[in-house]
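Some notes on the structure that comes next.
There are 2 protein chains.
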Amino acid sequence: MKNLVKVERARLDMTQAELAKELGVSRQTIHAIEKDKFNPSVTLALKMGRLFNLPVEELFIIDEDY
Amino acid sequence: MKNLVKVERARLDMTQAELAKELGVSRQTIHAIEKDKFNPSVTLALKMGRLFNLPVEELFIIDEDY
DNA sequence: TCTAAAAGTAAATAAAACTTTACATTTTTA
DNA sequence: TAAAAATGTAAAGTTTTATTTACTTTTAGA
Chain A
55 MKNLVKVERA RLDMTQAELA KELGVSRQTI HAIEKDKFNP SVTLALKMGR LFNLPVEELF
115 IIDEDY
Chain B
55 MKNLVKVERA RLDMTQAELA KELGVSRQTI HAIEKDKFNP SVTLALKMGR LFNLPVEELF
115 IIDEDY
């Protein structure tokens, strides 16, 4: 699982803290997602997709190996 | 959060157990998702979307109230 | 209508997401 | 270049997802 959160956040010129607040999660959660430390809930993914104006499928890409 | 998993599963004429096996989770996980008992990971949502040939945004719908 | 498969429910457990706090390092800007 | 802001890291704790087992109820088929 890779994702485009860091890139899309940069496009919106937001800090991790600002994005976290906007999405209602902690800054560490944003950090962990950007670093592929975990696999967010579909709800958080949907909120991100909406904010970034991107389908979840483009924001989060499952690795081929499964 | 509501979702169309039960409906889409019916369209594919699959049992909960078959869907669970296909997705690599337990039957109880499918049951809990269909009953809105929890909020699956984005990975599981993406796998479901792919199987059902539906975007995650159509398969899982966030309630207005948030 | 009897039986078997499927779905519902529930409880104990494991695993992972997410929070909070705290501090170090890097980057930005005054 | 010093200070401030942003990011990285890490650990302990909480909450929620997911598993496993087991049993009950509902649905479908012979």
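Note that the protein sequences, when read in sequence, are chains A and B.
Our numbering numbers the first residue of the first sequence as 55 and each following residue consecutively.
Our numbering numbers the first residue of the second sequence as 55 and each following residue consecutively.
Cβ atoms here follow ideal geometry from the backbone N, Cα and C, with glycine treated the same way.
Keep in mind it's a predicted model, so treat the numbers as computed, not measured.
Is A:H85 near the ligand ADP, going by C-beta to nearest heavy atom under 7 Å?
Ligands in the displayed structure: none, and consequently the ligand ADP is not present.
So, does the CB of A:F114 fall closer than 8 Å to a CB anywhere in chain B?
By this cut-off, A:F114 is an interface position.
B:N107 touches chain A at which residues, Cβ-Cβ below 9 Å?
Residues of chain A passing the Cβ test: none, with the nearest at roughly 12 Å.
Going along chain B, which residues have a C-beta under 7 Å from A:T97?
M55, N93 and I116
Can A:E111 and B:L100 be called in contact, C-beta distance under 8 Å?
With contacts defined as CB atoms closer than 8 Å, A:E111 and B:L100 qualify as a contacting pair.
Buried/exposed call for A:S95, threshold 16 Cβ in 10 Å:
buried
Reference A:L98, options A:L73, A:M68, A:L66 and A:A64, closest by Cα
A:L98 has its Cα closest to that of A:L73, out of A:L73, A:M68, A:L66 and A:A64.
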